[in-house]
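Residue numbers (this note's numbering): 1417 to 1548.
All C-beta atoms in this analysis are idealised placements derived from N, C-alpha and C, irrespective of residue type, glycine included.
No experiment lies behind these values; they were computed from the predicted model shown.
Notes follow the structure.
Here you go:
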């Protein structure tokens, strides 16, 4: 896995768990000027949840928060219901390695595994509540 392990300089983090299977993912982000400059993950779970977390850290790095939210929505659509793009389709090329997550579409019980890190990323990007 890429970017597995703590990110000491992180200024955003969120954890998500799947109580049905025990998967757990903490995504840590370093966000500067609304851009994700680094992303790491920690946690444990099935191969799908860990692979998706690794893919997420690579895909999210360098994106703005708006771009990251849009990408997470695209991944969720890919996993939960949109037909996977043909390998020679421009969308598949644009998704790169993320297109592999479309294989989870055939296994609804595994959707939560594939999306766990993405949900953690969305939570980490939420604005902090005002103090007090």
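If you follow the beta strand (DSSP E) that residue i is in, where does it begin and where does it stop?
| i | result |
| --- | --- |
| residue 1441 | 1439-1448 |
Tell whether a beta-carbon distance below 8 Å holds between residue i and residue j.
| i | j | result |
| --- | --- | --- |
| residue 1536 | residue 1458 | no |
| residue 1496 | residue 1527 | yes |
My understanding is that residue i touches residue j, with C-beta atoms under 8 Å, so please give their C-beta distance in whole angstroms.
| i | j | result |
| --- | --- | --- |
| residue 1514 | residue 1482 | Residue 1514 to residue 1482, Cβ: 18 Å. No contact. |
| residue 1464 | residue 1530 | 6 Å |
| residue 1454 | residue 1423 | 6 Å |
| residue 1543 | residue 1470 | Not really, about 26 Å apart at Cβ, beyond 8 Å. |
| residue 1480 | residue 1450 | 5 Å |
| residue 1432 | residue 1517 | Incorrect: roughly 16 Å between the Cβ atoms, too far for contact. |
In this structure, what does DSSP give as the bridge partners for residue i?
| i | result |
| --- | --- |
| residue 1455 | 1445 |
Check residue i in the structure and name its three-state DSSP category.
| i | result |
| --- | --- |
| residue 1436 | coil |
| residue 1521 | helix |
| residue 1429 | strand |
| residue 1623 | Residue 1623 is absent from the model: the chain starts at 1417 and stops at 1548. |
| residue 1526 | helix |
| residue 1460 | strand |
| residue 1473 | helix |
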